[in-house]
Amino acid sequence: METLNILFESPIGIIILIASYLLGSIPFGFLIAKIFLGYDIRTVGSGNIGMTNMVRTGGKIPGIATFILDVGKGCLAVLLAKLAQLPEILIILTVLLAVFGHTTSIFLKFKGGKGVATTAGVLLVFNINMFLA
0 METLNILFES
10 PIGIIILIAS
20 YLLGSIPFGF
30 LIAKIFLGYD
40 IRTVGSGNIG
50 MTNMVRTGGK
60 IPGIATFILD
70 VGKGCLAVLL
80 AKLAQLPEIL
90 IILTVLLAVF
100 GHTTSIFLKF
110 KGGKGVATTA
120 GVLLVFNINM
130 FLA
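Each step along the sequence shown adds one to the number in numbering that gives the first Met the number 0, with nothing skipped, and position 123 is 122.
This is how it looks when you write it as structure tokens:
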């Protein structure tokens, strides 16, 4: 119940949580394949929208770009929560929502990637020791 009170006391917290999910939902692998390579990444290779399938089907540069952008969206989500000085419980929810957004993207009918790069991104900002482990 304490978590709900914290949430409703901080309207910026609600905005950041929603933004974290939406940010996590941006399917960079899908967008790079569609815009720059002219195909739907979900229909080739493993069908996954992540870096590994992008490298396999589109090459190293699109794969690396996908990885960097997926890591970046995870970093940005947590960084926003930390800069807003949200309570730790809301930062943890931000972490979860960013990864959840990647794995169940609203932009891809609630389907998405595995969340490995986005998880790396949130851990990089949330807790560097967990990232390194």
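All C-beta atoms in this analysis are idealised placements derived from N, C-alpha and C, irrespective of residue type, glycine included.
Q: Give the DSSP bridge partners of residue 104, in chain order.
A: In DSSP, residue 104 forms a bridge with 110.
Q.
To test your reading of the DSSP string, which unbroken alpha helix (DSSP H) runs of 4 or more residues are found completely within the segment 47-112?
A. Entirely contained in the segment 47-112, the alpha helix (DSSP H) runs reaching 4 residues are, in chain order, 50-57, 59-82 and 87-102.
Q. Is it right to say residue 39 is buried, meaning 16 or more other beta carbons lie within 10 angstroms of its own, or is it exposed?
A. A residue is called buried when at least 16 other Cβ atoms come within 10 angstroms of its Cβ; residue 39 does not meet this threshold and is exposed.
Q: Check residue 143 in the structure and name its three-state DSSP category.
A: The structure shown has nothing for residue 143, since the chain only spans 0 to 132.
Q) In this structure, does DSSP put residue 116 in helix, strand or coil? A) It is helical.
Q. Comparing alpha-carbon positions, which option in 105, 118, 110 and 35 lies nearest residue 17?
A. Nearest C-alpha to residue 17: 105.
**Q.** Neighbour-count burial assignment, residue 120, 16 or more Cβ in a 10 Å radius
**A.** So residue 120 ends up on the buried side.
Q.
By alpha-carbon positions, which one of 131, 127 and 21 ends up nearest to residue 69?
A. Ranking the options by Cα distance to residue 69, first place goes to 21.
Q. Just to confirm, are residue 81 and residue 23 a CB contact at a threshold of 8 Å?
A. No.
(Q) Once DSSP output is grouped into helix, strand and coil, what is the label at residue 12? (A) Note: residue 12 maps to helix in three-state DSSP.
Q: Grab the span of the alpha helix (DSSP H) containing residue 36 for me, first residue to last.
A: Residue 36 -> no alpha helix (DSSP H), and no H or E assigned at all.
Q) Which stretch, first to last residue, makes up the alpha helix (DSSP H) that contains residue 128? A) Run containing residue 128: 127-131, per the alpha helix (DSSP H) assignment.
Q.
As a quick exercise: from 57, 19, 67 and 10, pick the residue whose alpha carbon is nearest that of residue 44.
A. The shortest Cα separation from residue 44 among 57, 19, 67 and 10 belongs to 57.
Q. Who are the near neighbours of residue 51 in its chain, counting only those whose CB is closer than 8 Å to its CB and skipping five residues on each side?
A. Only residues of its own chain outside the window of five on either side were considered, and among them 45 and 62 have a CB closer than 8 Å to the CB of residue 51, listed in chain order.
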